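As structure tokens, the structure follows; a few thoughts come after it.
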Amino acid sequence: MRIFQKFVAVTEGVMEAEKPTTMLCTVLAIDHTDFSYRVCSVCERTLPDNPTSLCKFCSVNAFNPRFSRSKRLFRLLMSIASDTKVFTVICFDRAAKVLFGCSADEFFDFAKFHPFAAVNASRILEGEMFKMTLSKPKNGNAQHLRAVQWNLRKTRNAIEK
273 MRIFQKFVAV TEGVMEAEKP TTMLCTVLAI DHTDFSYRVC SVCERTLPDN PTSLCKFCSV
333 NAFNPRFSRS KRLFRLLMSI ASDTKVFTVI CFDRAAKVLF GCSADEFFDF AKFHPFAAVN
393 ASRILEGEMF KMTLSKPKNG NAQHLRAVQW NLRKTRNAIE K
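In the working numbering, the protein residues as written are 273 to 433.
Right, here's the structure in full:
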């Protein structure tokens, strides 16, 4: 009973906590309609989805053959549940690469030839349990928690620890 009360206190205080909180969560749903966004490959500033648009800050380097014009980064909006609460979470590139096992560029290129890839990936991940580290967003205007780390060990091992 004491462990359960401690866990409830942790999950209720996730939004208020300054330090990241690690908990066992289940993926309920992933928004597959907008899973990535384009950025400048040099400075990583966000770019419009128009493939011909260049970064106005790095336009000198954009024509240098060493640099590609843009790249894609993951931004997954997902709903997860702990044993007491449901959270809406944003999973950005570093954590999403662990989950998908590839870069956003690779997955985007794969999805061009397989239009249902994003839908199927979200269906496959629904119901999966992970040990997840959540943190409060650093931007004051942001409204969702951040998934900063996934522990992809088998669920049975995560429950035992």
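Where a beta carbon is used, it is the ideal one built from N, C-alpha and C, also for glycine.
All of these numbers come straight from a predicted model, not from anything done at the bench.
Specify the secondary structure class of L319 as computed by DSSP and reduced to three states.
-> Taking the first residue of the sequence shown as 1, we reach residue 319 at position 47. Coil.
Alpha carbon to alpha carbon, how far is N423 from K343? Give it in angstroms, no decimals.
-> In the sequence shown, counting from the first residue as 1, residue 343 sits at position 71. In the sequence shown, counting from the first residue as 1, residue 423 sits at position 151. Those two C-alpha atoms are separated by around 26 Å.
Given A383, which residues of its chain have a CB within under 6 Å of its CB, disregarding the five upstream and five downstream residues?
-> Position 111 of the sequence shown, counted from the start, is the residue given in the question as residue 383. Counting only Cβ-Cβ distances below 6 Å, and skipping sequence neighbours, we find A389 and A390.
Local Cβ density within 10 Å of C297, reported as buried at 16 or more and exposed below that | Within the sequence shown, the letter at position 25 stands for residue 297. Classification for C297: buried.
Note the first and the last residue of the continuous alpha helix (DSSP H) segment covering S407.
-> Mapped onto the sequence shown, residue 407 falls at position 135. Taken as a continuous stretch (DSSP letters only), S407 belongs to no alpha helix (DSSP H), being part of the beta strand (DSSP E) at M401 to S407.
From T324 to G399, what does the alpha carbon distance come to, in whole angstroms?
-> For the purposes of this step, residue 324 is taken as the residue at position 52 of the sequence shown. For the purposes of this step, residue 399 is taken as the residue at position 127 of the sequence shown. So the two alpha carbons sit approximately 39 Å from each other.
DSSP puts K369 in a beta bridge; with which residues?
-> By one-based count along the sequence shown, residue 369 stands at place 97. K369 is not bridged to any residue.
Is the stretch 309-322 close to the stretch 403-418, with three or more CB pairs under 8 Å?
-> no
As assigned by DSSP and simplified to three states, the class of F379 = The residue labelled residue 379 in the question sits at position 107 within the sequence shown. Here F379 sits in helix by DSSP.
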